[in-house]
Amino acid sequence: MSAPTDHGHGHHDDHGHHDEGAHGSRKEYWIGFLLSVVMTAIPFWLVMTQPIGKQAIAMTIMLFAAAQMIVHMIFFLHMNRKAEGGWSIMALIFTVVIVVIALSGSLWVMYHMNENMMPTMDMSQMG
Amino acid sequence: MSQPAAYTIDDFHLAEEPHHPEGSSTMLGFWIYLMSDCLIFAMLFATYGVLGTSYAGGPTPRELFDLPLVAVNTAMLLFSSITYGFAMLAMVDGKKGATQAWLLVTAVFGLAFLGIELYEFNHLIHEGAGPWTSAFLSSFFTLVGTHGLHVTFGIVWLVTLVVQVQKRGLIPANRRRLMCLSLFWHFLDVIWIGVFTFVYLMGMLR
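Quick mapping for you: the protein sequence lines, in order, are chains A and B.
Quick note on numbering: the first sequence equals residues 1 to 127 in the UniProt record's numbering.
Quick note on numbering: the second sequence equals residues 1 to 206 in the UniProt record's numbering.
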């Protein structure tokens, strides 16, 4: 039975270098899981039954997706401002900025390219 | 004009490397890898966003997607997330057997997810909606397939760690590896939120 000794050593060692919140607690995992279930079930229900207009549903499910991503970040990935001396959150913020620019930029540019195509333009008549 | 003899090239770098405990920077390094992986997925989402309505006369999302199946798939991934959390809690408590057991439960949910996804892909291809049919389907298969590949490698990694823990126990190195995989696994779940919202649910609204 080497497990208990492993535990004592490893546990101490681990917490010497990492912050206490790196693992989370059982309660945290349950809260995260239950919130995720609710935030998954509502969008699926909305799309399957369509009780309100499509535009409203689209906005609602996007909000739920954003909220659920934050829930996962906090309760499962144990993200906080202090992890790794603040470098984790800095890397995350940088990534989110790049992702938002890339996504919104691509969609915006390509949508307007489509909009501004001349209506009579037909590929079969070209060159 | 002559410099003192002691002023040598050695003065331009530290004579002794500062000591860092082994693996002290692994978690941050792995997090930065995940962020770069996030950018890969952002590009694939952007591609899908641009090409997602180019059906080329082929089938549309509403004709293809089976929402109850996607809901089951999402549930599998969500269950695997909390069971991985239990594995981490068992690890913190130093319970080797429980850690391995929860890891294997996680692997089973992961395999169920993959199985459903492969069934869906197979079904789509047999309906004549393969990735070659339209730009919409090309970008769909690339995005969802890349996520599926990540899950596949996550399961390979997971099984490897079960064997590692069996052989060496919950040593600090294995704890670190388990924490990295924890980040990876939960990260894939975050990506899946994007996939089921933007690809499947928004697809059904079109």
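Glycine residues also receive a C-beta, built at the ideal position from the N, C-alpha and C atoms.
- Apart from sequence neighbours up to five positions away, the residues of its chain that approach I42 (chain A) with a beta-carbon distance below 7 Å are F64, ordered along the chain.
- Using beta-carbon distances, M117 (chain A) does not count as an interface residue toward chain B, since no partner is under 8 Å.
- Pairwise C-beta distances place the region 62-80 of chain B in contact with the region 189-196 of chain B, as three or more of them are shorter than 8 Å.
- In the structure shown, Y55 (chain B) falls within a coil segment according to DSSP collapsed to helix, strand and coil.
- Contiguous alpha helix (DSSP H) elements confined to the region 80-147 of chain B occur at 96-126, taking only those with 4 or more residues.
- Contact with chain A is found for I82 (chain B), since one of that chain's Cβ atoms lies less than 8 Å from the residue's Cβ.
- Shown in chain order are the members of the region 84-98 of chain A whose Cβ falls below 9 Å from a Cβ of chain B: E84, G85, W87, S88, A91, L92, F94, T95, V96 and I98.
- Annotation: the continuous alpha helix (DSSP H) that includes V97 (chain A) extends over W87 to E115.
- For the set B:T74, B:W102 and B:A173, the Cα lying nearest the Cα of T83 (chain B) is the one of B:W102.
- Close to V47 (chain A), with beta-carbon spacing below 8 Å, are these residues of chain B in chain order: L67, L201, M204 and L205.
- Minimum Cα-Cα distance from G154 (chain B) among the listed residues B:R62, B:S182 and B:F141 corresponds to B:S182.
- In this structure, the CA atom of A56 (chain A) is about 13 Å from the CA atom of L201 (chain B).
- Among the residues of the region 84-117 of chain B, those with a Cβ less than 9 Å away from any Cβ of chain A are Y84, G85, F86, M88, L89, M91, V92, D93, G94, K95, K96 and G97, in the order of the chain.
- In the three-state reduction of the DSSP assignment, Q55 (chain A) falls in the helix class, which pools H, G and I.
- Not a single CB atom of chain A sits nearer than 8 Å to the CB of F30 (chain B).
- Taking L51 (chain B) as the centre and dropping the five residues before and after it, the same chain places the C-beta of A135, F136, S138 and S139 closer than 8 Å to its C-beta, in chain order.
- Judged by DSSP in its simplified three-state form, T60 (chain B) adopts coil rather than helix or strand.
- Around the CB of L39 (chain B), fewer than 16 other CB atoms lie within 10 Å, so the residue is classed as exposed.
- In this structure, the CA atom of L178 (chain B) is about 13 Å from the CA atom of L104 (chain B).
- Contact between R175 (chain B) and M43 (chain B) is ruled out by a C-beta separation of about 33 Å, above the 8 Å threshold.
- Under a 10 Å Cβ-count criterion, S36 (chain B) is classified as exposed, with fewer than 16 other Cβ atoms of the shown protein chains found around its own Cβ.
- A direct Cα-Cα distance of roughly 10 Å separates G58 (chain B) from W132 (chain B).
- Excluding the 5 residues flanking it on each side, G203 (chain B) has same chain C-beta neighbours closer than 6 Å at P61 and F65, in chain order.
- One finds P43, I61, M62, F64 and A65 in chain A with Cβ atoms closer than 8 Å to the Cβ of T197 (chain B), taken in chain order.
- By the beta-carbon neighbour count (other beta carbons within 10 angstroms, threshold 16), L158 (chain B) is buried.
- For a Cβ distance threshold of 9 Å, residue set A75 and L78 of chain B lies close to V37 (chain A), ordered along the chain.
- Sequence-distant Cβ neighbours of F113 (chain B) in its own chain, meaning closer than 8 Å and more than five residues away, are N73, M76, L77, S80 and V151.
- Taking a beta-carbon distance threshold of 8 Å, K82 (chain A) does not count as an interface residue toward chain B.
- Contact of C180 (chain B) with chain A is not assigned, every C-beta pair being separated by 8 Å or more.
- Cβ-Cβ distances below 6 Å link A87 (chain B) to T99, W102 and L103 in the same chain, with the five nearest sequence neighbours on each side left out; the list follows chain order.
- Nearest to K96 (chain B) by alpha-carbon distance, out of B:V165, B:T47, B:F184 and B:T146, is B:V165.
- F184 (chain B) has its alpha-carbon roughly 18 Å from the corresponding atom of S24 (chain B).
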